[in-house]
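Below: one structure, written as structure tokens.
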Amino acid sequence: MSHPPAPLPADGPARAQCPYCGVGCGLEMKPPAAPTAAGEAVWTARGDRHHPSSLGQVCVKGATVGETLHRNRLTTPLYRPRTDQPFEPIGWERAFALLEERVRRTLAAQGPEGIAMYGSGQFLTEDYYVANKLIKGALGSNNFDANSRLCMSSAVSGYMRSFGSDGPPCCYDDLDQADTVLLIGTNTAECHPVLFQRLLKRKRKQKQDLQIVVVDPRATATSDAADLHLAIRPGTDLALLHGLGHLLLEQGGVNRAYVEASTEGFEALAELWSGWTPETVSLFCGIEEQQLRQLAARWAASTGVVSLWSMGVNQSVEGTATVAGIINLHLVSGQLGRPGAGPFSLTGQPNAMGGREAGGLARLLPGYRSVTDAGHRAEIERHWGLGPGTIAPTSGLTVWEQIEAMERGALGLWWVAATNPLVSLPWLDRVRAAVARCPMVVLSEAYAGTETAAIAHLVLPAAQWSEKAGVMTNSERRVTLCPAFRAPPGEARPDWAIFAELGRRLGFEEQFRFGSSAEVFAEFAAITAGRLCDLSGLSHGLLQEHGPQQWPFPVGTPPGGGAPRLHTSGRFPTASGRARLISEQPMGLGEPPDGDYPLVLTVGRYLEQWHTMTRTGQVERLLRPHGQPLLEVHPADARDHGLVDGGQAEVSSRRGAVTARVLVTDRIRQGTVFLPMHWGAAQEQACEANRLMHALGCPISQQPELKAAAVTVRPCEEAPGI
Ligand SMILES: Nc1nc2c(c(=O)[nH]1)N[C@H]1C(S)=C(S)[C@@H](COP(=O)(O)OP(=O)(O)OC[C@H]3O[C@@H](n4cnc5c(=O)[nH]c(N)nc54)[C@H](O)[C@@H]3O)O[C@H]1N2
Ligand SMILES: Nc1nc2c(c(=O)[nH]1)N[C@H]1C(S)=C(S)[C@@H](COP(=O)(O)OP(=O)(O)OC[C@H]3O[C@@H](n4cnc5c(=O)[nH]c(N)nc54)[C@H](O)[C@@H]3O)O[C@H]1N2
Ligand code: SF4
Ligand SMILES: [Mo]
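Structure representation (structure tokens):
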């Protein structure tokens, strides 16, 4: 490898962005004073008061991250020709030889389309950039997708359609200035805790000046703090938003000047909204008319409205349409482009934003560019020193299309990195069967024994956060340098360095001659010049010296001079310079409940656990509050289906069945049940919620509807021994 190991500081805290959620808090990591009783060297984390996004605050996951870094790690490449055989440790030399041979064989037999990579919003930006350069550039296949497809894809498509470009326009300070905050499809209290605490603190101090409104079929820790909670029927958000528009029109909540100067499509939208009367909406969404009227009156009277949303909106067959529904309201009422106002998508993973900047989805190229744009392709080919026509002109396979391609036997190599799809993809039994048809599944992973390792042939040990340097961008477009401050275990290597090494071995010496991640970043940052996400003035050195910075940050921007907000001029990066108002009718759920499957299962998160538990599952303190997955059921549904609190239930859908312990609670809407996503097959308390989910997705964003599937429930006997 040509990359030198990053220098390790002898002592003193290292500053980095927390590697969990998209709030992107700053952490100060202190080296271990002495080994623990168990002989472990545990770094301690505390909030970094110098980080502008979090000002020293931290939640329980961030605070315990030091305990997760060293346990149960992969230390050497592992290989087996068949998945029914045990893994054998092999060296890197053999691992690269296997990879190189497989790439060449697949290119010869199936062409570039036979290769696909599935990456992650937990990559550093440098990992993302080199992966894209390898797959889309060197190999000429646009089949690079990331788990952001399951997460942020609808928000990306939504911003692109309405504003002409991706890019959340707000910043966290807006929450200090808004007088109404609408939280729709987001359990911010558990999933973006530090941001939520900031909002709560203000609410306590300025009770009358801030109204919090929550839209969620469940009562959550988030709705507990709300002035108004609309517990709508799952999948009816778009109708609710149209109903709000209807009342805004009626109550003079339209900002005519803004609509005329900065938008197009108002007539059609007003026509659509006129059909969504409060009576219709109340029936459709299953809420009281009065609640809708209350929200509309509040919105119309507000000087600043911020809407926050996450998976309850994005993970839906009408995810992109619902994002447009939110943005429409902000545009028509002129609630954006100024302090305390705007449609603010909360990103899930710590670097989903960086992934979007680096072109980390099947139809994107670095710098918010698109593979379908000939000019964009030519720019990137020039930057990458590749011949004209190297980058394919059509969108690559999204992750579910990758699964379908494996079903057809059309992939010769599937490379999964920094994600655990055998827990997190929908319809897991179908995924398992499809993947079994792929002759070479490679997994780049930090931890041993994950569910996805069970279907892999070649496992590559990855250096993770704290062991490799690079940047992450949080939800408010703030870029933080995360230094390498611990040594990686055994032979583990940074993901970007693995991709670069393979690129060189495939003959792209020039393109992958990176000596450090700072060099990777420098190349990437230059490519963003002139784009909305212009990071060209940033470098590892600047971030090290001056701390985290928001983009846009073109060359010449002074430290601290990045833009807190986008679209402040009322001009948008569309052909006409106007934002587009989008008129779409609600379609409802992809799989509505029926006589056989009368309930809607929704799947989400607990405060203390992170996704598939490879990290948080190792911390005793984090397991205490929720030691097992619980099926939340409304008392009326429990009665109808013979379930009792604390008993076992079988939950089944058209695709499979799982069992879970029952929690009878009136905090969930009748007709809806809830399971957490965290406990995959490798966990002792396994409850694979995604065996139940279908794979229908939004036709625009291709984001699967991971928030809703039709299920039925029945009591079941406890398995012996439990
Ligand atoms: N503790 C913790 N925090 C995390 C994560 C984690 O794993 N654990 N993961 C991070 C990631 S990657 C992400 S994407 C975010 C996710 O953050 P969130 O989106 O806040 O989390 P979820 O629990 O997936 O879903 C949010 C809410 O959507 C509601 N919901 C379900 N269906 C509907 C609907 O039809 N309409 C509406 N309005 N609401 C609905 C659910 O009841 C749930 O309360 O969290 C990030 N932060
Ligand atoms: N039904 C349902 N399904 C869902 C969701 C839902 O709400 N409902 N949410 C979806 C969403 S929003 C998301 S984001 C996904 C999340 O799902 P996943 O991405 O599958 O979840 P993680 O556990 O975060 O997986 C990350 C993996 O990368 C490994 N890792 C950590 N750091 C590194 C590194 O530096 N390099 C490498 N190579 N590996 C590393 C971790 O050990 C872990 O195994 O789940 C999706 N699935
Ligand atoms: S709120 Fe998110 S980013 Fe902040 S400490 Fe908690 S998990 Fe980390
Ligand atoms: Mo996510």
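Residues in the sequence shown are numbered consecutively from 3, following this note's numbering. C-beta atoms are modelled at their ideal positions from N, C-alpha and C, and glycine is treated no differently.
Residue pairing by DSSP places CYS484 opposite GLY472 in a beta bridge. Taking 8 Å as the upper bound for CB-CB distance, LEU698 and GLU707 are in contact here, some 6 Å apart.
Looking at the DSSP output, ASP147 bridges to TYR120. For LEU29, the number of other beta carbons within 10 angstroms of its own is at least 16, and it is reported as buried.
Between PHE346 and the set ASN692, GLY24, HIS680, GLY682, the nearest pair of CA atoms involves GLY24. Note on geometry: alpha-carbon atoms of ARG506 and LEU141 lie some 12 Å from one another. If you check the CB distance, CYS153 and GLY350 come in under 7 Å. In this chain, the beta strand (DSSP E) harbouring VAL183 covers 182–186. DSSP, reduced to helix, strand and coil, places LEU251 within a helical segment of the structure shown. In the structure shown, THR452 adopts coil according to DSSP, grouped into three states. Look at which beta carbons fall closer than 5 Å to any heavy atom of ligand 3; those residues are CYS20, TYR22, CYS23, VAL25, CYS27, VAL60, CYS61, LYS63, GLY64, PRO195, VAL196. Under the three-state reduction of DSSP output, GLN87 falls in the coil class, being neither helix nor strand. Scanning THR78, LEU294, THR38, GLY327 for the CA closest to the CA of ALA465 turns up THR78.
Rounded to whole angstroms, the gap between the alpha carbons of ALA36 and TRP553 is 40 Å. Per DSSP, reduced to three states, the secondary structure at ARG51 is coil, with no helix or strand assignment. When only Cα atoms are considered, GLN611 and VAL621 end up about 10 Å apart.
Under the DSSP assignment, GLN179 falls in the alpha helix (DSSP H) whose first and last residues are 176–179. One residue list follows from the rule of a beta carbon closer than 5 Å to any heavy atom of ligand 4, given in chain order as CYS153, GLY350.
Annotated as distal: MET679 and PRO428, with beta-carbon spacing of 7 Å or more. Annotation for SER159 indicates a beta carbon at 6 Å or more from all heavy atoms of ligand 1. Here HIS542 carries a helix assignment [DSSP, helix/strand/coil]. Boundaries of the alpha helix (DSSP H) around ALA157: 155–165. Closer than 6 Å to some heavy atom of ligand 2: that does not describe the Cβ of LEU677. With a contact defined as Cβ atoms closer than 8 Å, ALA299 and GLN337 miss out at about 15 Å.
Spatial neighbours of THR46 in its own chain (CB-CB distance under 6 Å, excluding positions within 5 residues in sequence) are listed in chain order as LYS32, GLY68. For ALA360, the three-state secondary structure derived from DSSP is coil.
Ligand 2 never approaches THR400 closely enough for any of its heavy atoms to be under 6 Å from the residue's Cβ. Per DSSP, reduced to three states, the secondary structure at MET31 is strand.
The alpha carbon of ILE457 has as its nearest neighbour, out of PRO34, LEU591, GLN87, the alpha carbon of GLN87. As DSSP reads the structure, TRP311 sits in a beta bridge with ILE186, SER347. When secondary structure is reduced to three states using DSSP, SER654 falls in the strand class. According to the DSSP assignment, LEU625 belongs to the alpha helix (DSSP H) that extends over 622–625. At least one heavy atom of ligand 2 lies closer than 6 Å to the C-beta of ALA448.
Excluding its 5 nearest sequence neighbours in each direction, VAL557 has C-beta neighbours in its own chain below 6 Å: SER538, GLY539, listed in chain order. For ALA659, the pairing in a beta bridge is given by DSSP as SER654. With a cutoff of 6 Å, ASP536 does not count as near ligand 1, since its C-beta is closer than that to no heavy atom of the ligand.
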